[in-house]
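Have a look at the structure below before the remarks.
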Amino acid sequence: MEAVLSIKNLTKHFGRIKAVNNVSLEVKAGQVFGMLGPNGSGKTTTLGMLMGVVNPTAGEFTWFGEQPTHEIRKKIGAVLEHPIFYPYLSGQKNLELNAMIKQCPEANIPKVLELVELSERKDDKYRTYSLGMKQRLAIASALLNDPTVLILDEPTNGLDPMGIAEIRELIKKIAANGKTIILASHLLDEVQKVCTHFAVLKRGTLVHIGPVGDVGKGEETVEVSAEVENLNELLLAFAGTSSIDRENGSYHVVMREGFHSKDLNKFLFEKGVVASHLLTKKKTLEKQFIEILASS
Amino acid sequence: MLHLLKIDLKKMTSYRTFWVIGGLYFITLGLGAASGMEFLKWLARTFEDFGTNLNINRIPLYHFPDVWMNLIWCAGLLKIVLAVLIVISITNEYTYRTLRQNVIDGLSRAEFLLSKILTNVMLSAISVVMIFVIGLLTGMIYSPSLDWDKMITDTEFFPAYFLELFCFLSFALMLGILIQRAGLTIIILLLFPAIESIIAAKVDNYVPSLIPYFPMRSIWYLIPWPFPRYAFQEIQDYIKWGSVAIVVAWTVIFNYVSYLKLKRADI
């Protein structure tokens, strides 16, 4: 697959602070690429360098295999940190201005406004918009030039649950059209739901990169409870048990490779015990994320 | 080029402050320039109170070719208003962070600067045209004879006026880019001539030959003060090429500093 974005040893120092340190990665066409990391880990600085607003201290990157220029940026839709528009202009006029900068036809405006459901408020001044509307207008502006790559930095920041759900649906809709999306977010649940690949940054250093599909693989945890006294001993006797943990009245059994919850269920049944509660838990991105941060 | 100018005008033309300041500027320019005769009449009345007769018809304020230099010099005083407008326009881009978004959207930093410089050119050009029209009208009304030779005399003050405005607006743009905050920039813009003249007064004691090279001085003195000629004094009624060269040099420096600052900054 063709690399849309290729970063080599990208570094940014602000005085003595190493905001981004020697980051190298590739994003391929069609990926929905999640960038994770705690606050201040260098996500926005990295995206800022990719979009030409932060000058790198060292390293380089290419978009579509070419050296970055402002012409290439016109083909990328990006919202960094929070929506930025002229507050005294209406949504429509702001988009007209963006269309002029991106040199794309103004005929695209109604289409993107429709997509983010802002058509009715398009003639109101931007400063009268709610935060959710501002975020949606930012996405509309990013989509204006029908870009092949979309960069979204915390697109659901500060939104209410309804707003978050709306934006998530929107991202899914856009991803379904085969666009490459780079998504920086704290909301791991969200990244797990929409992303195909993810990278983790910690204090400016890249500590992990891989497909989201791999997260659920590996060991399973099974939550069990049953109305017997010696459940603990029984579970310890099970060949597939790697470790046990008691939490909220039920046992959390971490399984060995190759063993699954149905094996445990069968084992208990053979011992004459019927489980009143049996739940298979795959590892979440959240758990993996915390593990990655802790181990690096 | 035109495309970039259109982008900047799109930002400005829906901004109320732009129309308020711009409107005040052009109205003051128009009214001020056209009310010289009223001023002379007032002067004459005041003199009469002291028992002296002042024949205002002997002061050819609006006669060709005097009208050109008189109007242009007076209009030059108002350039500070236009400069405030430019400061607001550029510092808004920093406070709203729209400069950053413009670059993200695909404008290069040089293009962004060029769009602002082109607006400076346009505002300077409009001022020149406006003064030309007012000068032409009032000249035709008050001049005793419409002699072609007299009408085209001294029109070299127009390119000089354009240069004066454009250089000062370039200075305002540069201050805005360096300071990034409207209030502080406007204060420095207003205080700069005073600060410069204090420094100039010191320098004058040691190396007086440096004085003409000071930026504000070179701009403000490019077009000499015309009115002493009505008190039978000799004035410089032409533009010195040396002064033009100094102002052009400052214009280039101001815009180049803006460019360097924009290019190197993380925005």
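Sequence lines, in order, name chains A and B.
Quick note on numbering: the working numbering labels position 113 of the first sequence as 113, and the sequence is numbered without any gaps.
Count along the second sequence starting at 1, add 1000, and that's the number in the working numbering.
Note that beta-carbon positions come from the ideal geometry of N, C-alpha and C, so glycine has one too.
Less than 8 Å between the C-beta atoms of A/A78 and A/M51, yes or no? For the purposes of this step, residue 78 of chain A is taken as residue 78 along the first sequence, with counting starting at 1. For the purposes of this step, residue 51 of chain A is taken as residue 51 along the first sequence, with counting starting at 1. Result yes, Cβ atoms of A/A78 and A/M51 sit closer than 8 Å.
For B/V1020, report the span of its alpha helix (DSSP H) as first-last. Indexing the second sequence from 1 puts residue 1020 of chain B at position 20. Taken as a continuous stretch (DSSP letters only), the alpha helix (DSSP H) holding B/V1020 covers R1016 to A1034.
Minimum C-alpha distance to B/G1032 - residue among B/S1014, B/G1023 and B/L1071: For the purposes of this step, residue 1032 of chain B is identified with residue 32 of the second sequence, where counting begins at 1. Considering only alpha carbons, the answer is B/L1071.
From the DSSP secondary-structure annotation, give me the bridge partner or partners of A/M376. Because residue 376 of chain A is not part of the residues shown, which for chain A are 1 to 296, the question remains open.
Name, please, each residue of chain B whose Cβ falls closer than 7 Å to the Cβ of A/L143. Translated into the one-based positions of the first sequence, residue 143 of chain A becomes position 143. Neighbours of A/L143 on chain B: none; closest Cβ ~12 Å, over 7 Å.
Let me check one thing: in DSSP terms, what residues is A/F61 bridge-paired to? For this step, residue 61 of chain A is matched to residue 61 along the first sequence. Paired residues: A/I7.
Can you say whether B/K1079 is buried or exposed, counting buried as having 16 or more other CB atoms within 10 angstroms of its CB? For the purposes of this step, residue 1079 of chain B is identified with residue 79 of the second sequence, where counting begins at 1. It is buried - the Cβ of B/K1079 has at least 16 other Cβ atoms within 10 Å.
Which residue comes first and which comes last in the beta strand (DSSP E) that contains B/P1208? Residue mapping note: residue 1208 of chain B aligns to position 208 of the second sequence, counting from 1. Careful: B/P1208 lies outside any beta strand (DSSP E) and carries neither H nor E.
When you compare the CB of B/L1107 with every CB in chain C, is at least one pair closer than 8 Å? Of the chains in the structure shown, none is chain C; the protein chains are A and B.
Just to confirm my understanding: we take B/T1155, look at its own chain, exclude 5 residues before and 5 after, and list those with CB closer than 7 Å. What are they? Taking the second sequence and counting its residues from 1, the one referred to as residue 1155 of chain B is at position 155. Result list for B/T1155: W1068, in chain order.
B/K1011 CB to nearest chain A CB: under 8 Å? Along the second sequence, one-based indexing puts residue 1011 of chain B at 11. Interface residue, yes.
Verify the CB distance criterion: does A/Y88 have a CB-CB separation below 8 Å to chain B? Along the first sequence, one-based indexing puts residue 88 of chain A at 88. Taking Cβ atoms only, chain B reaches closer than 8 Å to A/Y88, which makes this a yes.
Interface residues of chain A facing B/Y1015 [CB-CB closer than 9 Å]: Counting from 1 along the second sequence, the entry for residue 1015 of chain B is found at position 15. Within chain A, the residues near B/Y1015 are Y86, Y88 and L89.
Just curious, the alpha helix (DSSP H) that B/E1234 is in, first and last residue? Position 234 of the second sequence, counting from 1, holds the residue named residue 1234 of chain B. Run containing B/E1234: none; DSSP gives neither H nor E here.
Against chain A, with Cβ distances strictly below 8 Å, would B/K1006 count as a contact? Within the second sequence, the letter at position 6 stands for residue 1006 of chain B. It does; some Cβ of chain A falls within 8 Å.
Who are the neighbours of B/V1269 on chain A, taking C-beta pairs under 9 Å? Since the first residue shown for chain B is 1001 and the last is 1267, residue 1269 of chain B is missing from the structure and cannot be characterised.
Determine the chain B residues that contact A/R73 at a beta-carbon separation under 8 Å, and present them in chain order. For the purposes of this step, residue 73 of chain A is taken as the residue at position 73 of the first sequence. What A/R73 touches in chain B: V1103, I1104, D1105 and G1106.
Taking CB distances under 8 Å as the criterion, tell me whether B/R1097 reaches chain A. Position 97 of the second sequence, counted from the start, is the residue given in the question as residue 1097 of chain B. True, the Cβ-Cβ gap to chain A drops below 8 Å.
Report the residue from B/P1212, B/N1255, B/G1183 and B/R1264 whose alpha carbon sits nearest the alpha carbon of B/S1115. Within the second sequence, residue 1115 of chain B is the residue found at index 115, counting from 1. Nearest option by C-alpha distance: B/N1255.
So with CB distances below 7 Å, who are the chain B contacts of A/E247? As a working mapping, residue 247 of chain A is identified with position 247 in the first sequence. Within chain B, no residue comes near A/E247; the closest Cβ sits about 46 Å away, beyond 7 Å.
Using a Cβ-Cβ cut-off of less than 9 Å, list which residues of the stretch 93-124 of chain A approach chain B; keep chain order. K93, E96, L97, N98, M100, I101, K102 and Q103
Would you kindly work out how many angstroms separate the C-alpha atoms of A/V149 and B/L1210, rounded to a whole number? Translated into positions along the first sequence, residue 149 of chain A becomes position 149. Translated into positions along the second sequence, residue 1210 of chain B becomes position 210. C-alpha separation (whole angstroms): 56 Å.
Compute the Euclidean distance between the alpha carbons of B/R1264 and A/D153, then round it to the nearest angstrom. Within the second sequence, residue 1264 of chain B is the residue found at index 264, counting from 1. Within the first sequence, residue 153 of chain A is the residue found at index 153, counting from 1. Cα to Cα, B/R1264 sits roughly 24 Å from A/D153.
Name the chain B residues whose beta carbon is nearer than 8 Å to that of A/M51? If you number the first sequence from 1, residue 51 of chain A lands on position 51. Under the 8 Å cutoff, chain B gives V1103 and I1104.
On the DSSP letters alone, give me the boundaries of the alpha helix (DSSP H) that B/D1066 sits inside. Locating residue 1066 of chain B in the second sequence gives position 66, where the first residue counts as 1. Start and end: D1066 to L1077.
Here's the rule I'm using: 16 or more other beta-carbon atoms within 10 Å means buried, otherwise exposed. How should A/N177 be labelled? Locating residue 177 of chain A in the first sequence gives position 177, where the first residue counts as 1. Answer is exposed; the Cβ neighbour count stays below 16.
Applying a beta-carbon distance threshold of less than 9 Å, which residues of chain B neighbour A/H13? By 1-based counting over the first sequence, the position of residue 13 of chain A is 13. Neighbours of A/H13 on chain B: none; closest Cβ ~11 Å, over 9 Å.
What residue from B/S1243, B/E1048 and B/I1199 has the CA that sits closest to B/E1164's CA? The residue given as residue 1164 of chain B occupies position 164 in the second sequence. Nearest option by C-alpha distance: B/S1243.
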